[in-house]
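All remarks here apply to the structure that follows.
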Amino acid sequence: MILPNLRKQLSVFAAPLAGISDTAYRFLAKHFGADYAFTEMVSAEGLVRNNHRTIDMLKKYQGEDAVGCQLFGSKPEVIAAAAEVVEAHGFDSIDLNCGCPVHKVVKKNGGAGLLKNLPLLETIIATTVKKVNIPLSLKIRSGWDDNHLNFLEVGKVAEGAGAAFICLHARTQSDKFKPESHWEHIAQLRETVSIPVIGNGGIRCAEDAINLMHQTGCDAVMVARASFGNPFIFREIKSLLADGWLTAPAGNEERVAICLEHVRLLVERFGEERAIRRSRKLLGWYCRRITSRAKIDQRLFRLNTFAEVEGYLNELLATIQENAA
């Protein structure tokens, strides 16, 4: 089992991100310093029904370790059975999604919907931990809305039912992804439960991650949207943790090279046609950081092959270098 000792080392986690946290993303996150990563959220129902596309989401890259699988659902017996499938595929832990705010997930009592039904949540955790030998964690939000902040109660339920650690995204379900996050909730949870607490939300740069650790006393930080087109953030956080100073930021040549590597890994994983479709959003994220322009070049949506992506990025880099000369 490869899981950081969260009570003895400050760790950096790459978040489970729908449509993002595939093998290519996880490989690069860990290459640049992430201690642990998760799959994108996987349907427990799909695993139990042996749905081909769902099972395919459990693929790991060759030699991958330090990886957990995030499950979503609301039926205790189904999640427990799905957890057994995950364990059989060699994952190091299971994470229960209790934070997704998307309506189609919440309306079936999954995701953040579980925050409104703590007896059900307790049953899911207790049932699942009895079925598997790997740790179970939770990723939660602060509550449903500002009038229903129950993260402390959720934390105590999780701890009592057997969860190994808990990640708090310090926003409510109704906040979605508003700029403000409430780090004080993470500090309060850390003081309330004895299991490790991972802090998430409001990290935009490496300095934010370090500030979150210092202000809350959390055992680890989890990076999400700040890593979009920017796996280098993991290197920057680890540099600050290790040496107290920020490593030099990635230059445009490195950004282009890693963007191409990201797309190449996607092609290797999904095949060229599907990979290029999947890569268009990440190309936009990388290019925003390369050009410092918020507006996305519409030509990105007309790229159909890896060769076209390579040609576009090399042309972009040459133009930037020429203008800087």
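If you use my numbering, the sequence shown closes out at 365, no skipped numbers anywhere.
Every residue gets a Cβ at the ideal spot worked out from N, C-alpha and C, and that includes glycine.
Secondary structure note for H188: it is in no alpha helix (DSSP H), with a DSSP letter that is neither H nor E. Judged by beta-carbon spacing, E276 lies within the 9 Å limit of C245, meaning their Cβ atoms are closer than that value. Distances from the CA of F205 to each of P175, E231, A166 and V349 were compared; the closest alpha carbon is that of P175. Around L356, the same chain offers V296, C327, I330 and T331 as residues with beta carbons nearer than 8 Å, after the five sequence neighbours per side are excluded.
With respect to G108, A122 sits apart: the two C-beta atoms are not nearer than 9 Å. In the displayed model, Q110 falls within a strand according to three-state DSSP. Out of E85, A84, S83 and Y65, the CA that lies nearest to the CA of Y76 is found in Y65.
Annotation for G239: no alpha helix (DSSP H) segment contains it, though the beta strand (DSSP E) segment containing it runs V237 to N240. Under the three-state reduction of DSSP, G103 is assigned to coil, being neither helix nor strand. Rounded to whole angstroms, the Cβ separation of E85 and G59 is 18 Å, and the two are not in contact under 8 Å. Per DSSP, K321 lies in no beta strand (DSSP E) segment; the continuous alpha helix (DSSP H) that holds it begins and ends at E312 to T331. Of the residues H225, N187 and G324, the one whose Cα lies closest to the Cα of G195 is H225. In the three-state reduction of the DSSP assignment, V307 falls in the helix class.
Only buried fits N137, as 16 or more other CB atoms lie within 10 angstroms of its CB. Counting along the chain, the unbroken beta strand (DSSP E) around A54 starts and ends at S51 to A54. Sixteen is the threshold: when 16 or more other Cβ atoms of the shown chains lie within 10 Å of the Cβ of R230, as they do, the residue is buried.
Shown here, D132 sits in coil according to DSSP, grouped into three states, outside any helix or strand. Excluding its 5 nearest sequence neighbours in each direction, G269 has C-beta neighbours in its own chain below 7 Å: L322, W325, Y326, R328 and R329, listed in chain order.
Setting aside the 5 residues that flank it on each side, A166 is surrounded in the same chain by A201 and G202, each with a C-beta closer than 7 Å to its C-beta; the list follows chain order. The Cβ-Cβ distance between G139 and Q213 falls below 9 Å. Annotated three-state conformation of S267 is helix, per DSSP.
With contacts defined by Cβ atoms closer than 9 Å, I250 and C207 do not form a contacting pair.
With contacts defined as CB atoms closer than 9 Å, L68 and P271 qualify as a contacting pair. Taking C-beta separations shorter than 6 Å and ignoring five residues to either side along the sequence, the partners of G73 in its chain run F274, R275 and K278, following chain order. Annotation: F274 is outside any beta strand (DSSP E); the continuous alpha helix (DSSP H) that includes it extends over F272 to D283.
When rounded, the separation of the alpha-carbon atoms in A288 and T168 is 44 Å.
Contact annotation: G241 and A260 have beta-carbon atoms that are not nearer than 9 Å. For M253 against F53, the beta-carbon gap comes to about 12 Å, at or over 8 Å, which does not count as contact. Of the candidates V125, D62 and A347, D62 places its Cα closest to the Cα of K100.
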